[in-house]
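Visitor: Protein sequences appear in the order of chains A and B.
Position 138, counted from 1, in the first sequence is what our numbering calls 138; the numbers after and before it change by one each time, with no gaps.
Position 5, counted from 1, in the second sequence is what our numbering calls 5; the numbers after and before it change by one each time, with no gaps.
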Amino acid sequence: MAFFLKKLLENFTVYGTRTAYVIEGVGYTYADLGSRVATFQKKVFEFDGEHYFGVVTRNSIDTYAAIYAIWLSGKTFVPLGATVPSERILNIVSQVGINVVFDAGNDPLPLENVVVHHQQPTIGEQPIYLEVGEDTDVYLLFTSGSTGTPKGVRISRNNLDSYLRTISKLDYCLTPDDRCLQVYDLTFDGSVQSYLFPLLFGASVYTVPQDGIKYLAITKAIIEHQITFLKMTPSVLYYLMPYLDRLIFPSVRWSVFGGEALMVPLVEKWQKCVPNAEIQNVYGPTETTVNCSMYRWKKDGIHKERNGILSLGSAYEGTLALVFDGDRVVSNGEVGELCISGPQVTKGYWKNEQLNNCVFFDYPVDGVSYRFYRTGDYVVKDDEGDLFFVGRNDSQVQLNGYRVELGELEYHTSQFADAQCVAFIHEDVLNVGNLYLFVESVKFTQEEIIDNLKSKIPGYMLPHQVIFIERMPLLPSGKVDRQKLLSLI
Amino acid sequence: MNEEIFNRVTGIISGTLNKKNLVLGYETSSKDVEGWDSLAHVTIITEVEKEFGITIDFMEILEIKTIGDICQAVVNNQK
């Protein structure tokens, strides 16, 4: 029994007249949302044989209603980014075998599948909860894959339920008077916490559009709507840095950061902007259902950090976080790969036996065998169980909260240009990461390279600059001299 | 609207985005220009403040949507 779905269903009635969502200035009550969910649920039932439904990620009440309709009907939701190139969308649709897509946009994506648009809701109608196995997928999120093909992370009802139950027991104490911001793109799992968790408490969710200058839209929303619960990526602070000493947001009670490394000097400035808030840093790859560890910032206290990066904190209740060097668990203080076990860990990637065999393994703890996931994040754990990010062993980077496989940029460009490519992430003066792509060719223009990439990958992965060189500098070993390339930026 | 301010502002925008031959008008917003993202926006505003020797009130910055708005902010904050 999925606690979060039962609560959601209950709340359509219990909080009927309260505001559930405010989207582009329009408020929608819980009762209104419930009717819309009921109407979409009828459409879901029409396609009884389908299990995986695509939902185009729009900033629309009907998008959220479609997601809830899919979940309450025991089905799986696959977000399809509204601004993602159609080749990538088609790849996902074909990988999963999606036949029905919900698209609330005015300019729907040109898909050949059955597309369900806006439905006129019947007032007062209530959706129903369909019991299905707890291992049933609740969402399937595609993330950047190093070989050029996106990989699908399967999150089950049990995974999501475990996560939501765990954070419900924390001291957020959300009430119907809370006003929570939803800033994330719906293809990013961080959004699930932002748009769903507040509804379990009768609180209101204010969404921010994904286009335009986001950090300004976020700041405006915090002020205009007197936001009390704020979760966002650290990059927003980077953009606000010139203004941090002029800003104050007294309404904020919780300021949670997740999605990428959080730098201590930034938080030191930010804490003055949110004088009434508790600040937290949360961590977790998509594979561990939104977040699996948390660090609480102490105002005017001593902070746990490493190289200026704030600690990732300790694992949530029910989650095991161990640090490995190969097969061996390392001692506290030693660097190793962070591996996670527990009810929040995904059952695996969509139809990718090979990858699943690489990243999941069994390991005994106190005589019991647990299934662990290799995060690829290198960390150190201290004696109190707090984790510190050290680095990664591959070419996966976080860019404004999004996971980017540098290999994907390199793959698509080398195919197009028939030349060797190397991608880098490099911080600029504001400490914001930018992507640079070196191409061993002089036959193309930056525009041509970027135009090709635009047809293959989402906008946030496009390089800031493409640098053309005649020959890649090499090390004596024959490998590309990355230091030399870096010096050319 | 002061043409001189407009020209200086659009000069900063073209320079920041490293693009020549941009067609920019008073009604142009970030959504209309490729490459005008959050990073470019912070840089443009900061450069405009430096160019005109002003500090634009943050609440005003929040309301800036078009190039015309930027020009107006310059006018509002010049002594």
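No residue lacks a Cβ here, since even glycine has one placed at the ideal position from N, Cα and C.
Mind checking whether Phe424/A and Val442/A have CB atoms under 9 angstroms apart?
Guide: The residue you call residue 424/A lines up with position 424 of the first sequence. The residue you call residue 442/A lines up with position 442 of the first sequence. Going by C-beta atoms, Phe424/A is not nearer than 9 angstroms to Val442/A.
Visitor: Output yes if chain A places a C-beta closer than 9 angstroms to the C-beta of Thr16/B; else output no.
Guide: Here the question's residue 16/B lines up with position 16 in the second sequence. It does not; no Cβ of chain A falls within 9 angstroms.
Visitor: With a cut-off of 9 angstroms, does the C-beta of Val42/B fall near any C-beta of chain A?
Guide: If you number the second sequence from 1, residue 42/B lands on position 42. Judged by the 9 angstroms Cβ criterion, Val42/B is in contact with chain A.
Visitor: Glu334/A and Val365/A - do their beta-carbons sit closer together than 9 angstroms?
Guide: Position 365 of the first sequence, counted from the start, is the residue given in the question as residue 365/A. Position 334 of the first sequence, counted from the start, is the residue given in the question as residue 334/A. No, the pair does not count as a contact, with Cβ atoms beyond the cut-off.
Visitor: Chain B partners of Gly212/A, CB-CB under 7 angstroms?
Guide: Locating residue 212/A in the first sequence gives position 212, counting from the first residue. The contacting residues are Ser30 and Lys31.
Visitor: Give me whichever residues DSSP pairs with Ala315/A in a beta bridge.
Guide: Numbered from 1 along the first sequence, position 315 holds the residue referred to as residue 315/A. In DSSP, Ala315/A forms a bridge with Ser293/A.
Visitor: Which one of Ala221/A, Met263/A and Tyr238/A has the shortest CA to CA distance from Val252/A?
Guide: Taking the first sequence and counting its residues from 1, one reaches residue 252/A at position 252. Among Ala221/A, Met263/A and Tyr238/A, the Cα nearest to that of Val252/A belongs to Ala221/A.
Visitor: From what residue to what residue does the beta strand (DSSP E) around Gln495/A run?
Guide: With chain A covering only 1 through 489, there is no way to say anything about residue 495/A.
Visitor: Please determine, among Leu90/A, Val37/A and Lys304/A, the residue with the shortest C-alpha to C-alpha distance to Leu8/A.
Guide: The residue labelled residue 8/A in the question sits at position 8 within the first sequence. Among Leu90/A, Val37/A and Lys304/A, the Cα nearest to that of Leu8/A belongs to Val37/A.
Visitor: Can you pull the chain A residues whose beta carbon is under 8 angstroms from the beta carbon of Leu62/B, in chain order?
Guide: Looking up residue 62/B in the second sequence gives position 62. Per Cβ cutoff of 8 angstroms: Leu216, Thr219, Lys220 and Ile223.
Visitor: Using only CA atoms, which one of Leu320/A, Arg296/A and Gly318/A lies nearest to Leu310/A?
Guide: The residue labelled residue 310/A in the question sits at position 310 within the first sequence. Nearest option by C-alpha distance: Arg296/A.
Visitor: Could you name the residues of the same chain whose beta carbon sits closer than 7 angstroms to that of Glu470/A, not counting the 5 residues immediately before and after it, in chain order?
Guide: As a first step, residue 470/A is located in the first sequence; it is residue number 470 there, counting from the start. Answer for Glu470/A: Val442, listed in chain order.
Visitor: So is Asn59/A buried or exposed if we call it buried at 16+ other beta carbons inside 10 Å?
Guide: Mapped onto the first sequence, residue 59/A falls at position 59. Burial call: buried.
Visitor: For Thr17/A, is the classification buried or exposed, using 16 other Cβ atoms within 10 angstroms of its Cβ as the cut-off for buried?
Guide: Residue mapping note: residue 17/A aligns to position 17 of the first sequence, counting from 1. So Thr17/A counts as exposed.
Visitor: Out of curiosity, what's the CA-to-CA distance linking Asn106/A and Asp171/A?
Guide: As a first step, residue 106/A is located in the first sequence; it is residue number 106 there, counting from the start. As a first step, residue 171/A is located in the first sequence; it is residue number 171 there, counting from the start. When rounded, the distance between both Cα atoms is 40 angstroms.
Visitor: What residues are listed by DSSP as bridge partners for Thr57/A?
Guide: Taking the first sequence and counting its residues from 1, the one referred to as residue 57/A is at position 57. Partner(s): Gly81/A.
Visitor: Anything in chain B within Cβ reach of Leu247/A, meaning under 8 angstroms, just list it in chain order.
Guide: Reading the first sequence from its first residue, position 247 is the one you call residue 247/A. The answer, in chain order, is Phe58.
Visitor: Could you pull the start and end residues of the alpha helix (DSSP H) that Cys358/A belongs to?
Guide: Position 358 of the first sequence, counted from the start, is the residue given in the question as residue 358/A. Glu353 to Val359 is the span of the alpha helix (DSSP H), which, as asked, contains Cys358/A.
Visitor: Would the beta-carbon of Asn32/A fall within 9 angstroms of that of Ile61/A?
Guide: For this step, residue 32/A is matched to residue 32 along the first sequence. For this step, residue 61/A is matched to residue 61 along the first sequence. Here residue 32/A is Asp; the residue named in the question, Asn, does not match the sequence. Closer than 9 angstroms, so yes.
Visitor: Could you give the first and the last residue of the continuous alpha helix (DSSP H) run that contains Cys71/B?
Guide: As a first step, residue 71/B is located in the second sequence; it is residue number 71 there, counting from the start. Where Cys71/B is concerned, the enclosing alpha helix (DSSP H) stretches over Ile67 to Asn77.
Visitor: Can you tell me the Cα-Cα spacing of Phe257/A and Asp137/A, whole angstroms?
Guide: Position 257 of the first sequence holds residue 257/A. Position 137 of the first sequence holds residue 137/A. Whole-angstrom Cα-Cα distance: 27 angstroms.
Visitor: Could you check whether the Cβ of Tyr349/A sits closer than 9 angstroms to any Cβ belonging to chain B?
Guide: Mapped onto the first sequence, residue 349/A falls at position 349. Chain B contact via Cβ: absent.
Visitor: Val44/A and Ile70/A: beta carbons closer than 9 angstroms?
Guide: The count along the first sequence starts at 1 and reaches residue 44/A at position 44. The count along the first sequence starts at 1 and reaches residue 70/A at position 70. Contact: yes.
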